[in-house]
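Working notes, beginning with the structure itself.
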Amino acid sequence: MHARVMGSRRLRAAVRTTATAAAAALLLTLAPGHQSSTTEMVLAAETGQRAAADPGDRPTVRGLPRVDGAYRFVSHPDFLNQDVGDVRSSPFWRRGMPTSTNASYEASLDHVIGQMLRHDPQSLLVAGDMVEGAWGQDVTGAGVFGPTRTVDQRRRAVREAAKVYLKQWHARFAERGLPVYPAIGDHEIGDDPWRPTGNPDQDAWLRFKSKHLWLWKGVASRWLYPDVRAAERTHGGDLRRVGAVSHPPRGQARHTAYATRLSPDLLLVSVDVFRPRPGGGVTVLLDEDQRRWLSTTLRRAKKQRVPWVVVQGHTPVMGPVRTRFSSALTYGGSDLLGLMRRHDVDVYLTGEVHDHTVTRRRGLVQVAHGGLFYRGESSYVVGQATPDRLLLETRYLDGRPRFGGGKLWSTEGGNGPVRVTYDRPSRVVGAYALERRGRPADGNRVVTKRGISGIPFRG
């Protein structure tokens, strides 16, 4: 969920967090060079230091070393959180109709993706919100994906929009040879909210959306999960094998939740935290079939002594966290957190909030991260996994959106400025490293914590 529903939340977020030059200087002073033989702790909690509300104002800090032989990945939730694509492939598009991309967006996307690729990642993890996803409506009456007056027409419009936006989103990485491991976010299922609001102009679409969770998840699985399916075809389902993929055997998340052995040292489990609510709507909870599968998967990983177990899901399970232009959905229960703690998960990667907060409690590290591309705040984490170390480096890209002069067209009427420019290299704004000698997770320890990754958030 993004800025258009925020209202005064933006102001509250800005008031909550500020930074001074003195704090920035203190942070840099407390960040000595990383030494593999020593423990480095930057205890921002003891200094009372606060992070700048605007990510662009956060200081650059020293990054983490590149480790030979490590499995490298990039994690960028909420990329793009916007419908960007050439809609001319829609069978309904006619000359004179709007489109959802332009030279500015394409050049900036090439730049941001190119910055990710500079780290030589072996995979891209995206914990949800790859698109805007508010399909099956046509606020401007443009007709790009066909009429939306009846239920059948809305269904076709959703499928046509997904074929454009999701397919092209994935193709940007496929053509560069980078496998994508996604999770479902609220934008992949039409975007929050799902219950009628009393606005007659919107309620017909909201009722349609709340009853068609299966449709949104179906098109997301089709267009966003080809790399997951390819890995499963090639390597099978035994997670003791590198590349193998496991799914819940049944239930509404059987095509959208999965686990994969990315390397001998790293197991990724991607959960789908959205399920239908009885009587209509959506709730942020695991369904029972997925919960049983997750418990079994994590228990086996613990028994097999997998060095690092990482779970990704769209919404935070621990708070408070920084939020920026977000409705700040959170997980609706304690079961997911309890399962991860019980089975010694090391890291939970999450998005939704469009800002960065690292929280560590009882051995579990939650990394809430990501940023909005169209606001000029793209941010990602570079991960490196070895048998005894997990390194997480946060990078920020300074973009320049050009607000005013209209919005980039979308089915909901437009989201994001018509122009956004990225042409500067990414810079390191946070570093976090874990070390362990064997399992379980309460045996891991933090050996590096600096920049925004080392500044706690009190709410």
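Adding 17 to a residue's 1-based position in the sequence shown gives its number in the numbering used here.
Beta carbons: idealized from backbone N, C-alpha and C, even for Gly.
- Take Val446, set aside five residues on each side of it, and the residues of its chain with a beta-carbon closer than 6 Å to its own are Arg75, Thr411, Tyr413, Gly468 and Ile469, in chain order.
- DSSP places Leu381 within a strand segment (E or B) once states are collapsed to three.
- Apart from the 5 residues on each side of it in sequence, His264 sits with its Cβ closer than 6 Å to the Cβ of Arg271 and Tyr275 in its chain, given in chain order.
- Of the residues assessed, Arg406 falls on the buried side of the cut-off, its CB having 16 or more other CB atoms within 10 angstroms.
- Taken through DSSP and simplified to helix, strand or coil, Gly423 comes out as strand.
- Judged by their CB atoms, Val91 and Tyr397 are nearer to each other than the 8 Å cut-off.
- Close CB contacts of Pro164 within its chain, under the 7 Å cut and outside five residues either way in sequence, are with Gln170 (chain order).
- In terms of Cα proximity to Arg417, the closest of Gly430, Gln401 and Gly393 is Gly393.
- Rounded to whole angstroms, Gly355 and Leu97 show a C-alpha spacing of 30 Å.
- Rounded to the nearest angstrom, the Cβ distance from Gln321 to Arg257 is 6 Å, consistent with a contact under 8 Å.
- In the structure shown, Gly330 falls within a strand segment according to DSSP collapsed to helix, strand and coil.
- Here Arg339 is buried: its Cβ has 16 or more other Cβ atoms, across all protein chains shown, within 10 Å.
- Rounded to whole angstroms, the Cβ separation of Leu408 and Val84 is 7 Å, and the two are in contact under 8 Å.
- Secondary structure within the region 76-147: the beta strand (DSSP E) runs of 3 or more consecutive residues, fully enclosed, are 88-92 and 140-143 (chain order).
- Residues Leu414, Pro442 and Ser443 of the same chain have their beta carbon placed closer than 7 Å to that of Gln132, with the five preceding and five following residues left out of the count.
- Bounds of any alpha helix (DSSP H) do not take in Tyr242, whose DSSP letter is neither H nor E.
- With a cutoff of 8 Å on beta-carbon distance, His187 and Leu241 are scored as near each other.
- Under DSSP, Phe291 takes part in a beta bridge, and its partners are Val301.
- The three-state secondary structure of Gly349, taken from DSSP, is coil.
- Arg436 counts as buried, since no fewer than 16 other beta carbons sit within 10 angstroms of its beta carbon.
- Looking at the backbone, the Cα of Gly298 and that of Thr403 are separated by about 42 Å.
- A residue is called buried once 16 or more other Cβ atoms fall within 10 Å of its Cβ, and Pro199 is buried on that count.
- If you draw a straight line from the Cα of Tyr449 to the Cα of Arg378, it is about 15 Å long.
- Residue pairing of Gly447 in beta bridges, as defined by DSSP: Thr411 and Gly468.
- Per DSSP, reduced to three states, the secondary structure at Val168 is helical.
- When C-beta atoms of the region 316-333 are compared with those of the region 273-289, three or more pairs fall below 8 Å, so the two segments count as touching.
- Per DSSP, Gln401 is one residue of the beta strand (DSSP E) stretching across Ser396 to Ala402.
- Close CB contacts of Trp110 within its chain, under the 7 Å cut and outside five residues either way in sequence, are with Val104 and Val161 (chain order).
- The alpha-carbon of Glu429 is positioned some 22 Å away from that of Ser238.
- Every unbroken stretch of the alpha helix (DSSP H) spanning 4 or more residues and falling wholly within the region 211-287 is given here in chain order: 217-228, 230-241 and 243-252.
- Ranked by how close their Cα comes to the Cα of Val197, the residues Asp203, Gly476 and Arg189 have Arg189 in first place.
- Around the CB of Asn461, 16 or more other CB atoms lie within 10 Å, so the residue is classed as buried.
- Secondary structure note for Tyr365: its beta strand (DSSP E) is the uninterrupted segment Val364 to Thr367.
- Relative to Gly336, the option among Leu311, Tyr365, Val328 and Gln185 whose CA is nearest is Tyr365.
- For the pair of segments examined, the region 120-140 was found not to touch the region 174-184: the number of CB pairs separated by less than 8 Å stays below three.
- Separation of the CB atoms of Leu232 and Arg172 is rounded to 6 Å, and the pair is thereby assigned contact status at 8 Å.
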